[in-house]
Structure formats: structure tokens, C-alpha cells
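Residue numbers (our numbering), protein chains in the order written: chain E, 1 to 372; chain D, 373 to 640. Idealized CB from N, CA, C, for every residue including glycine. Since the model is a prediction, treat every value here as computed from it, not as a measurement. Everything on this sheet refers to the single structure shown next.
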Amino acid sequence: MSHDGFAVRAWQRWLAVGLGLAILLSLPSVLGALPAADSDVGATELLEQVRDSGEVPFSGYAESVGGLQLPVTRDFTDLVDLFGERSRMRVWWRGSEDWRMDTLSATGETDLFHRAGATLMWDYEDNRATLSSDPDIRLPRTADLLPTELGRRLLSEATAEEVTRIPPIRVAGRDAPGLRLQPADSRTTVDRVDVWVDPQSGLPLRVQVHGVGSDTAALTSTFLELTVAPPSESDTSFITPTGAEFRFEDVIDVAAAADQFAPAVAPDRLAGLDRRTDESTVGALGAYGRGVTLLAAVPIWDEISRPLRDQLEATPGARIDEQGVYVSVGPLGLLLTPGSREQRSWLIAGTVTSQTLADAATDVARIPVADG
Amino acid sequence: MIAVELSKMLRRPRTWVTILLLNALPTLVAVLLAVTDLGPRPGSGPAFLSAVLADGTLFPLAALAIILPLFLPIAVAVFAGDSVAGEAQSGTLRYLLVRPVGRTRLLVAKLVSVIAFVLLAVVIVAATAYVVGSLLLGDQPLAASVSGTTLTPEQVAVRTVLAIGYITLSMLGVASIALLLSTLTDSPLAAALGALAFLIASSLLLTLDAAEVLQPYLPTRYWLSFVDLFRDPIFWRDIVRGIGLQAVYVVVLLGAAWANFTTKDVTS
Numbered sequence: 001m002s003h004d005g006f007a008v009r010a011w012q013r014w015l016a017v018g019l020g021l022a023i024l025l026s027l028p029s030v031l032g033a034l035p036a037a038d039s040d041v042g043a044t045e046l047l048e049q050v051r052d053s054g055e056v057p058f059s060g061y062a063e064s065v066g067g068l069q070l071p072v073t074r075d076f077t078d079l080v081d082l083f084g085e086r087s088r089m090r091v092w093w094r095g096s097e098d099w100r101m102d103t104l105s106a107t108g109e110t111d112l113f114h115r116a117g118a119t120l121m122w123d124y125e126d127n128r129a130t131l132s133s134d135p136d137i138r139l140p141r142t143a144d145l146l147p148t149e150l151g152r153r154l155l156s157e158a159t160a161e162e163v164t165r166i167p168p169i170r171v172a173g174r175d176a177p178g179l180r181l182q183p184a185d186s187r188t189t190v191d192r193v194d195v196w197v198d199p200q201s202g203l204p205l206r207v208q209v210h211g212v213g214s215d216t217a218a219l220t221s222t223f224l225e226l227t228v229a230p231p232s233e234s235d236t237s238f239i240t241p242t243g244a245e246f247r248f249e250d251v252i253d254v255a256a257a258a259d260q261f262a263p264a265v266a267p268d269r270l271a272g273l274d275r276r277t278d279e280s281t282v283g284a285l286g287a288y289g290r291g292v293t294l295l296a297a298v299p300i301w302d303e304i305s306r307p308l309r310d311q312l313e314a315t316p317g318a319r320i321d322e323q324g325v326y327v328s329v330g331p332l333g334l335l336l337t338p339g340s341r342e343q344r345s346w347l348i349a350g351t352v353t354s355q356t357l358a359d360a361a362t363d364v365a366r367i368p369v370a371d372g
Numbered sequence: 373m374i375a376v377e378l379s380k381m382l383r384r385p386r387t388w389v390t391i392l393l394l395n396a397l398p399t400l401v402a403v404l405l406a407v408t409d410l411g412p413r414p415g416s417g418p419a420f421l422s423a424v425l426a427d428g429t430l431f432p433l434a435a436l437a438i439i440l441p442l443f444l445p446i447a448v449a450v451f452a453g454d455s456v457a458g459e460a461q462s463g464t465l466r467y468l469l470v471r472p473v474g475r476t477r478l479l480v481a482k483l484v485s486v487i488a489f490v491l492l493a494v495v496i497v498a499a500t501a502y503v504v505g506s507l508l509l510g511d512q513p514l515a516a517s518v519s520g521t522t523l524t525p526e527q528v529a530v531r532t533v534l535a536i537g538y539i540t541l542s543m544l545g546v547a548s549i550a551l552l553l554s555t556l557t558d559s560p561l562a563a564a565l566g567a568l569a570f571l572i573a574s575s576l577l578l579t580l581d582a583a584e585v586l587q588p589y590l591p592t593r594y595w596l597s598f599v600d601l602f603r604d605p606i607f608w609r610d611i612v613r614g615i616g617l618q619a620v621y622v623v624v625l626l627g628a629a630w631a632n633f634t635t636k637d638v639t640s
């Protein structure tokens, strides 16, 4: 073979390799850029579909990504993971009272099995099953971040005037028309919530929450795989394996504990916001507001508030004044009031402005100490 | 050609020394666990290691998880890096190509030989770990599925075989990188170190949030997904992606190795 012929063959082979590489690299972008088919469904109709989708059976795999680095102590580490990290979730949903959700990790998983008002948590790495009844008040858990749960919750109190249609995208292989919620209440720090919905089932497929003044989503949750069909009963059943520890817990987290054992009772109205009636109205922890304008207040003893105060005060951007220490993380604001003579403080948190939190701090300072 | 390369691989002492060394660390871990009765805290350490004190039959999986992140890829990089560059360094590549052997066939035979080496190493590590685990560690069958369901011994065996196959396939990317570098240099050491540098970079980028856009394409991204075979039901998503990603690495890097090697002036 001549030297020229050899050079041509070399050139042709490298060209073939380069073309192959270019095709492989561009394939995901090309597929991702394929336009999604839109639907002529209106915003109000789509909103109703979402609200009615709670009993639609399905199974799938979803991921949520939180961008909120919460400055809280070890009592709240689950919240830090939930809102600051990526969560990988498998779900089997037969209905709102019969479902299973696995949170996957590299070396194991933590599973929730929910049936008839009780939830069983299986932790592979601790080889332990924990049964608890669902309290009126609890901290958020991974299952709350499923696109279906998150989307329904955020849109549950939206009015027709607050929602508009946005262009469709493809999610989990489905064409999903979009719905945008822009809250009318000026006290909220949530700028908008975008939800893309499966038009056949009404299931939210992707949810993005944006805070005021930020182009980056504070929280995103999306299905990557979805099958709209009833899972089998065995998929949502659990039998504690031989050798594993089994226990019952009546207080599942610090929010539930505070609700039952805290030294004061939350008022009926805070910072001009009414106490919510869909959750506990008699416990210490009070939830206030409507839609995405939400506020929670809980009295805590000094032994819990002291490390939390140290943590909050050390957070960059923390503001300290006579009402306490205030920190904002994306759309979420936290205010811890100063310790009092009765050795208690109030932790006030929510998706509301700093002024609303300050008003709430003023209100709780007037609450008398509970007996006993 | 493939038979010749396989036979050469099996006859080389370094093959068996490498496999022996790969077995050494898991065996040492098993002995230490058995003597001290101190397992890692649940959730820390390699996958399945916290469970083997109770159920020694799970030790093959723990042993594979021990060697997977570092020792196995080092062995593969060294072995594949030596495949062409080693012949060039020892001056035998020229004579090898004098025979009526196509360069493409030689390259494929080298890759097959590397895959056979990985499979052999992984199977021997798993078998040794099964024997060591059964003899030294616990004998109480656990909920072998990470989802809390009890798997039958047959199910555990089938899933372990699938894990062995998956781990072998996971090494194809490393092998292809080392093989490409092996056709670019006459130094086996440079080829092996180049492949390892690539893997270290991949492992580092996996820990960096800012590199999220690159992560689905990194060769080490799906290595630990063999754990998904022990969920119930099996979670296939990442396993399928892991196999697909390794296939892309093989196609692209072996293509580059082929383009370079088949038109290269071989002088040594």
C-alpha cells in the first residue's frame, strides 16, 4: 500500500470514530429537544384534575432535588437531607391509604408502608421496622416530595385566578401540559410553582418551586418512570423479616413531640394569618395561612433552642435583633425568638416575608405560659 | 487468535498473582470481622458488610463491594494497559503482526482476554468469599433483600451471578480506556496510570454537585448499582443505564484504539 493510501485510510477511520462519537453525544440532547404535544385543556380544568388525582393508582420512580441548605441542628437532619440533597424514590400507590415508598441510597434503602392511618418504616441498614400512627403534625418526609403529593398539596388551595397554563414538556415519556401557580398573597416568598400534569390521569409529573427573586428552583421533583395502573397488593405489603428489630413509636419526630409536650399552646391567629383547620387545632404547634403562604410556630424548651440559636446565629446572613435571630434560606424564613424567663422560645418558620415573621414573633410574645 | 490470547493470559503467573492479591483484602477483612466480632456501623462501609456478621453467605457481595472501587479497576488498568504496549515494550508486537493476523482481530482478541481476566477474577473473589464467609462468619439467614423481603437461597444465588456479570461489564470502560492508551504508547505503565487518572477524575467529579451535568456520562457512575439487584422488586433502571454506558465507552474508545492501531507504524 502506498503511503498516501495509508494516510487516507487513517483519516477515514478517525472520521468514522469522530462521527460515531458526535452522534452518541448529541443523541440525548436531540431526544430532549423533541417538542411535546400540547393539550387544549384549560388551567382551571387541569387544576381540578390534579386535585382529583389522589386515588389514581400508579407506580414509578421519581427524584427530587432541593437547593435549600437549612441551618438546623441534628434533631432536624432529615429535613436537611430532604430539602438540600437529591432524593431517589420508588413508589407503589394503590390509593391514599395504601401505598409504599422506598428511598434509595447507594448501600440500602428506607421504605415507608402506609395503610389505614398507620405507617411502617423499614430501615435496611438498621435492620429495623418501626410502626407509628400518623400524628396530626409531623415534619415533612420523603413521601411528601413525590411529584404527585407535592403538586397536589401546593395546588390544593389555589384559586382559579392564581393559575395559568404554561407550555408542555415531556416527562417520563409523556406529553405533560403545564400549570403555573402565582400566589396572590403579597406576604409569601414563593414566586411561582410550576406543575406539569399527565392529562389522562391528572397526576402531577414534575413540580418546580421558585422563590421570589431567584431563577434557580428551590425544589424540583420529577418522575423519571411512571406506570398508571394499580400495583399488586403484595407490592405494598410488608412482613417484618426474621432477625429484624420491630418497635412501635407514638412520637415520630420533634414536631410531633413539640405538638404534644411543648410548654404553650399556639394561638388561633398569627401575623394576620388564620390557623389551619385541616391539621391539629389543639396542639402546641400551629400551622397558619393558605396555599403556599404558610407559617408554622412551635414553642420549644431552652435545651433544644440553645444549640439551634447558636447554629442560626453562625449562619451567614443571619439577622439578630430584639425579636430574635432571623435566617432566610431560599423562600423559607426561620425566626427563633429570644429565650424567656419561662425558659422557652418560639421557633417560627414559613414561606413568608421577614416582616410577617416579625409580626408573628410580636404575637407569640403575648402568649401566656401553659400550666404544668 | 482469541484462543491464543486466552491461553497466554491463563499461563502468565502475573494473572494468578493479581487474582491472589485481589482475594487478600476481603479475606483479611473476613478474618478481622470473625476475630473481633466488630462489624461496621449500619450504613457505613462497603455494601452488605454490616450484614455479614449475621449471615456469612452474603460475604461474596461484600467482598465484591470491597474490591470494586479501587483494587479491581487497578488490576484491570494494569492488565489492559499492558496488552498492546507490553508487546511493544518487549519488542514482540512487530513479530506478532508479521503473522497473518489482522490488527483489528488482534485488538478484539486483547479485549476478550481482558474481559476473561475480569470475569475470572470476580468469580474467584466471590467463590473464595463464599467459602471464607461460610466458615468464619455468621450462619443466620437474614432478609437478604435490602427491601426487607426474605430471598430463597436460589434467588440469592441467581442475583449474585447477575451481580458478578454486572461488575464484569462495569470494568469494560476501564479496560477500553487502558487499551486505547496502550495503542498510543509503548509504556504499559503510562497506559495503566492514564486509565487510573481517568477513573480518579471520574470518582472526584461524582462527588461534586457542580459536575451534575457530566455525572450520567462518568464511567464510575453506575458501578455500585449492583446493589439494585438485591432490592425487591429488582430496580433495573440504573443497571440498564450502567450496561449501556459501558457499551458506549467500549464502542467509542475501542473505535479510537482501532483507528489508531490499524494505521499505526509499528516499529517495536
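Comparing alpha carbon positions, the residue from M121(E), P230(E), A62(E), D310(E) closest to E245(E) is M121(E). By the C-beta criterion, the segment 157-172 of chain E is judged to be in contact with the segment 32-42 of chain E, since at least 3 inter-stretch pairs fall below 8 Å. Beta-bridge partners of M121(E) (DSSP): L112(E), T130(E).
Taking 9 Å as the upper bound on Cβ-Cβ separation, chain D lies near residues L224, E225, D235, F238, I239, T240 of the segment 208-240 of chain E.
Between P432(D) and A498(D), the C-beta gap is smaller than 8 Å, which places the two residues in contact. For D321(E), the enclosing beta strand (DSSP E) has its first and last residue at 319-321.
As the crow flies, the alpha-carbon of G520(D) is around 8 Å from that of D123(E). In the DSSP assignment, F633(D) falls within the unbroken alpha helix (DSSP H) covering 609-633.
Bounds of the beta strand (DSSP E) holding T227(E) are 217-227. Residue burial annotation: T222(E) is buried, with at least 16 other C-beta atoms found within 10 angstroms of its C-beta. Bridge pairing for V530(D): absent [DSSP]. Comparing alpha-carbon positions, the option among A158(E), R192(E), T220(E) lying closest to T44(E) turns out to be A158(E).
V450(D) sits in a helix when the DSSP states are folded into three classes. Along the segment 620-631 of chain D, the positions whose C-beta sits under 9 Å from a C-beta of chain E are V620, V623, V624, G627, A628, W630, A631, read in chain order. Under a criterion of Cβ atoms nearer than 9 Å, no residue of chain E is adjacent to G428(D); the nearest Cβ is some 14 Å distant. Within the DSSP secondary-structure output, G95(E) pairs in a beta bridge with D98(E). Straight-line spacing of the CA atoms in A37(E) and S156(E) works out to 26 Å.
Residues of the segment 552-570 of chain D whose Cβ lies closer than 9 Å to any Cβ of chain E: none. Put simply, of E459(D), V504(D), Y502(D), T500(D) the residue whose alpha carbon is nearest the alpha carbon of K482(D) is E459(D). Nearest to L226(E) by C-alpha distance, out of A160(E), P338(E), R206(E), is R206(E). Neighbours of R115(E) across chain D, judged by C-beta separation under 7 Å, do not exist; the nearest C-beta is about 15 Å away. In this structure Q69(E) is exposed. Its beta-carbon is surrounded by fewer than 16 other beta-carbon atoms within 10 angstroms. Residues of the segment 126-149 of chain E with a C-beta less than 8 Å from any C-beta of chain D: D126, N127, A129, listed in chain order. In this structure, D98(E) keeps its C-beta atom at 8 Å or more from the C-beta atom of E109(E). Closer than 7 Å at the C-beta level to chain E, one finds these residues of the segment 585-602 of chain D: L596, V599.
Using a Cβ-Cβ cut-off of 8 Å, Q512(D) is close to G243 of chain E, given in chain order. Note on I439(D): 16 or more other CB atoms within 10 angstroms of its CB, so buried under the neighbour-count rule.
The Cβ of V456(D) sits no closer than 8 Å to any Cβ of chain E.
Per DSSP, reduced to three states, the secondary structure at A349(E) is strand.
One alpha carbon belongs to A426(D), the other to R88(E), and they sit about 28 Å apart. Short of 6 Å from the beta carbon of E125(E), and not among the five residues preceding or following it, lie these beta carbons of its own chain, in chain order: G108.
Among the residues facing chain E, S574(D) is not included, as its CB has no counterpart in that chain under 8 Å away.
Residue-level contact by beta carbon fails for F431(D) and chain E, as no gap is shorter than 8 Å.
A direct Cα-Cα distance of roughly 15 Å separates L19(E) from W630(D). Here R276(E) carries a coil assignment [DSSP, helix/strand/coil]. Sequence-distant Cβ neighbours of D310(E) in its own chain, meaning closer than 7 Å and more than five residues away, do not exist here.
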